[in-house]
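Per the working numbering, residue 15 is the first one in the first sequence, and the count goes up by one each step. All residues carry an ideal CB built from backbone N, CA and C; glycine is no exception.
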Amino acid sequence: MAAGRILALVDCNTFYASCEKVFVPSLRNRAVVVLSNNDGCVIARSAEAKAMGIPMGKPAFECHELFRRHDVAVFSSNYTLYGDLSARVMKTLARFTPNLEIYSIDEAFLDLTGMPGDVAGYSRHIRETVVRWTGIPVSIGLGPTKTLAKVANKLAKKDPALEGVLDFGTCPDPDALLERVNVEDVWGIGRRYAAMLERHGVTNARQFRDLPRDFVRKRMTVGGLHTLLELRGIPCIDLETIAPAKKSVAASRSFGKPVVHIEEMREALAVYVTRAAERMRAGRLVANGVTVWVQTNTFIAGEPQYANSAFGALPMATAHTAEILTVALQVLDRIFRKGYRYKKAGVMLSGLESFGCRQLSLLEPATLANPKGERLMAVLDKTNARWGRDTLRFAACGIKQDWKMKQAMRSPHYTTSWLELPVVKT
DNA sequence: TCTGGGGTCCTAGGACCC
DNA sequence: TCTGGGGTCCTAGGACCC
Numbered sequence: 015m016a017a018g019r020i021l022a023l024v025d026c027n028t029f030y031a032s033c034e035k036v037f038v039p040s041l042r043n044r045a046v047v048v049l050s051n052n053d054g055c056v057i058a059r060s061a062e063a064k065a066m067g068i069p070m071g072k073p074a075f076e077c078h079e080l081f082r083r084h085d086v087a088v089f090s091s092n093y094t095l096y097g098d099l100s101a102r103v104m105k106t107l108a109r110f111t112p113n114l115e116i117y118s119i120d121e122a123f124l125d126l127t128g129m130p131g132d133v134a135g136y137s138r139h140i141r142e143t144v145v146r147w148t149g150i151p152v153s154i155g156l157g158p159t160k161t162l163a164k165v166a167n168k169l170a171k172k173d174p175a176l177e178g179v180l181d182f183g184t185c186p187d188p189d190a191l192l193e194r195v196n197v198e199d200v201w202g203i204g205r206r207y208a209a210m211l212e213r214h215g216v217t218n219a220r221q222f223r224d225l226p227r228d229f230v231r232k233r234m235t236v237g238g239l240h241t242l243l244e245l246r247g248i249p250c251i252d253l254e255t256i257a258p259a260k261k262s263v264a265a266s267r268s269f270g271k272p273v274v275h276i277e278e279m280r281e282a283l284a285v286y287v288t289r290a291a292e293r294m295r296a297g298r299l300v301a302n303g304v305t306v307w308v309q310t311n312t313f314i315a316g317e318p319q320y321a322n323s324a325f326g327a328l329p330m331a332t333a334h335t336a337e338i339l340t341v342a343l344q345v346l347d348r349i350f351r352k353g354y355r356y357k358k359a360g361v362m363l364s365g366l367e368s369f370g371c372r373q374l375s376l377l378e379p380a381t382l383a384n385p386k387g388e389r390l391m392a393v394l395d396k397t398n399a400r401w402g403r404d405t406l407r408f409a410a411c412g413i414k415q416d417w418k419m420k421q422a423m424r425s426p427h428y429t430t431s432w433l434e435l436p437v438v439k440t
């Protein structure tokens with residue numbers, strides 16, 4: 015282990031809610047919540063909304079009264095906007111160090127080892143720059159391991175006196191800090207493990223850190239052991255500055271209303287294949303197989319339930335929407351049962367390879383390779399990038415799309431569509 | 001009426017081979 | 001025909017992350 019390693023975890027504060035505030039000054043001090051796809055449940059809350067006691071994950075239909083009473087601004091999720099603002103934040107962070115791992119849409123690890131001067135002061139400078147350039151406030155946790163940087167970040171968010179930055183490595187009493195963190199808030203310990211640990215009297219991060227290694231290895235496998243060691247300051251999880259190759263690409267949605275007929279299910283599948291294939295081509299990937307799954311609404315007691323999935327191999331690795339859809343529809347025929355009200359369906363593309371080194375068919379390369387199809391996809395992607403998603407699309411996706419998810423309160427695509435640019439009044 | 005979506009990793013167990 | 005050990009590959013299920 016390198017002596018004196020210093021990692022920073024930069025995490026955007028209430029990211030989706032902050033994104034919604036960037037272009038709407040009147041929301042600055044107002045409670046904002048963002049709903050999941052289909053306007054299902056609460057997935058992000060601004061600080062004001064948290065203070066009102068609006069819980070994470072609560073179904074939206076149970077919150078309407080609360081929203082009305084507190085004049086909460088409610089938004090459908092707008093991933094196009096969040097993705098674009100995320101890219102701006104990451105680009106800003108990359109100016110401070112080349113050793114950066116983009117961990118999720120709203121988090122990045124930075125290696126600040128060897129930075130001259132005061133790392134906490136430098137972190138405050140990073141923080142000020144990000145909010146000034148992007149409008150997104152962030153918190154920064156510092157520590158010798160990723161897990162401790164995560165812990166420090168959590169505490170930095172909790173305590174306003176810290177002004178968004180906490181260095182675990184230089185704090186005088188680390189045990190006291192760890193005791194303030196619930197064990198289920200430790201990175202790598204989820205609900206199930208937290209419940210198990212609680213049965214053994216372990217409720218905070220300090221108690222977990224001091225458990226015997228064998229106990230943790232046996233009950234929480236090797237991942238749990240890594241978490242334990244990282245809390246002790248021993249690095250087990252590396253910084254991944256180069257994103258590892260994707261192994262699968264999935265697209266799935268809940269329906270806005272139940273789907274009963276296979277014709278509608280085929281349309282939905284066509285849309286999901288379209289989305290997944292787009293992402294494959296953007297990453298210069300091809301898939302060897304496709305899994306299709308369908309599911310009824312498990313929340314409705316007393317209604318007949320059915321869920322199934324099946325896999326179909328593609329004749330040759332491809333990212334061509336129509337080639338994948340052909341197989342996906344055959345797979346659907348195998349698992350679709352009449353007489354159910356379907357709530358959800360999805361596709362997953364697997365066996366991914368990079369387009370440049372894909373395995374060609376040994377037997378009939380000439381008939382299976384499809385250069386015309388590749389050119390068609392290129393034109394499709396280019397057109398849609400210029401004129402907007404689905405400007406050009408397959409007829410199989412349908413026209414009415416009655417089953418489409420609900421998104422009644424979506425904000426504009428402020429930064430990615432010429433038609434939806436914010437307007438400044440003087 | 002209304003309950004998200006997209007991923008990864010680890011382990012156990014079965015099939016199959018020598 | 002029976003026996004045992006060791007290895008690999010695949011899948012399903014469970015855990016986690018954001």
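Cutting at 8 Å between CB atoms, please list the residues of its own chain near lysine 261, excluding the five before and the five after it. Contacts found: Ser364 and Leu366.
Check isoleucine 150 in the structure and name its three-state DSSP category. Three-state DSSP puts isoleucine 150 in coil, outside helix and strand.
Quick test of the definition: if touching needs 3 or more C-beta pairs under 8 Å, does the segment 343 to 355 touch the segment 388 to 404? Touching, no.
Are at least three pairs of beta-carbons, each pair with one atom in the segment 214 to 225 and one in the segment 240 to 256, less than 8 Å apart? Output reads yes: the segment 240 to 256 touches the segment 214 to 225.
In whole angstroms, what is the alpha-carbon distance linking aspartate 187 and alanine 101? Rounded to whole angstroms, aspartate 187 to alanine 101 spans 36 Å at the Cα level.
When burial is assigned at 16 or more other CB atoms within 10 Å of the CB, is alanine 190 buried or exposed? That one is exposed.
Helix, strand or coil at valine 345 according to DSSP, with G and I counted as helix: It is helical.
Are the segment 294 to 314 and the segment 246 to 263 touching, with three or more C-beta to C-beta distances below 8 Å? Yes, since at least three Cβ pairs between the segment 294 to 314 and the segment 246 to 263 fall closer than 8 Å, the two stretches touch.
How far does the alpha helix (DSSP H) with tryptophan 401 in it extend, from its first residue to its last? Membership of tryptophan 401 in the alpha helix (DSSP H) is indicated by the continuous run 385 to 401.
Mapping DSSP to helix, strand and coil, what is lysine 420? If DSSP states are grouped into helix, strand and coil, lysine 420 belongs with coil.
So, methionine 362 versus threonine 305, is the Cβ gap smaller than 8 Å? By the CB criterion at 8 Å, methionine 362 and threonine 305 fall inside the cutoff.
If you draw a straight line from the C-alpha of glycine 131 to the C-alpha of methionine 104, how long is it? Taking the straight line joining both Cα atoms gives about 23 Å.
Alpha-carbon to alpha-carbon, valine 38 and alanine 170: Their Cα atoms are separated by approximately 27 Å.
Which residue spans inside the segment 102 to 187 form an unbroken beta strand (DSSP E) run of at least 3? As far as the segment 102 to 187 is concerned, its whole beta strand (DSSP E) runs of at least 3 residues are 114 to 118, 121 to 125, 152 to 157 and 179 to 181.
Which of helix, strand or coil DSSP assigns to alanine 16: Because alanine 16 carries a pLDDT of 45, less than 50, the predicted location of this residue cannot be relied on, and the following value inherits that uncertainty. Taken through DSSP and simplified to helix, strand or coil, alanine 16 comes out as coil.
Hey, could you find the ends of the alpha helix (DSSP H) phenylalanine 222 is sitting in? From DSSP, the alpha helix (DSSP H) with phenylalanine 222 extends over 219 to 223.
Neighbourhood of valine 274 by C-beta distance below 7 Å, restricted to the same chain and skipping five residues each side: Arg355.
Measuring straight from C-alpha to C-alpha, what distance separates cysteine 411 and arginine 295? Approximately 19 Å between the Cα atoms of the pair.
Considering just the uninterrupted stretch of the beta strand (DSSP E) at methionine 330, what are its terminal residues? Methionine 330 -> beta strand (DSSP E) spans 321 to 332.
Rank Val165, Gly202 and Pro174 by C-alpha distance to the C-alpha of glutamate 193 and give the top, closest one. Ranked by how close their Cα comes to the Cα of glutamate 193, the residues Val165, Gly202 and Pro174 have Val165 in first place.
Is DSSP giving asparagine 302 helix, strand or coil here? Of the three classes helix, strand and coil, the one that applies to asparagine 302 here is strand, per DSSP.
Which runs of the alpha helix (DSSP H) spanning at least 4 residues fall entirely within the segment 271 to 315, listed in chain order? Contiguous alpha helix (DSSP H) elements confined to the segment 271 to 315 occur at 276 to 296, taking only those with 4 or more residues.
Do you know offhand how far alanine 321's Cα is from leucine 283's? Take the alpha-carbon of alanine 321 and the one of leucine 283: they are about 16 Å apart.
Go ahead and label lysine 78 buried or exposed: buried means 16 or more other beta carbons lie within 10 angstroms of its beta carbon, across all protein chains shown. Residue identity check: residue 78 is histidine in the sequence provided, not lysine. By the neighbour-count rule (16 or more Cβ atoms within 10 Å), histidine 78 is not buried but exposed.
What's the call for threonine 335, buried or exposed, on a 16-neighbour Cβ count within 10 Å? Of the other Cβ atoms in all chains shown, 16 or more fall within 10 Å of the Cβ of threonine 335; this residue is therefore buried.
Taking C-alpha atoms, which residue in Thr161, Ser425 and Glu277 lies nearest to valine 200? Distance check between valine 200 and each of Thr161, Ser425 and Glu277 places Thr161 closest, using alpha-carbon atoms only.
Tell me whether the beta-carbon of leucine 21 lies closer than 8 Å to the beta-carbon of alanine 163. In contact: leucine 21 and alanine 163 (Cβ atoms closer than 8 Å).
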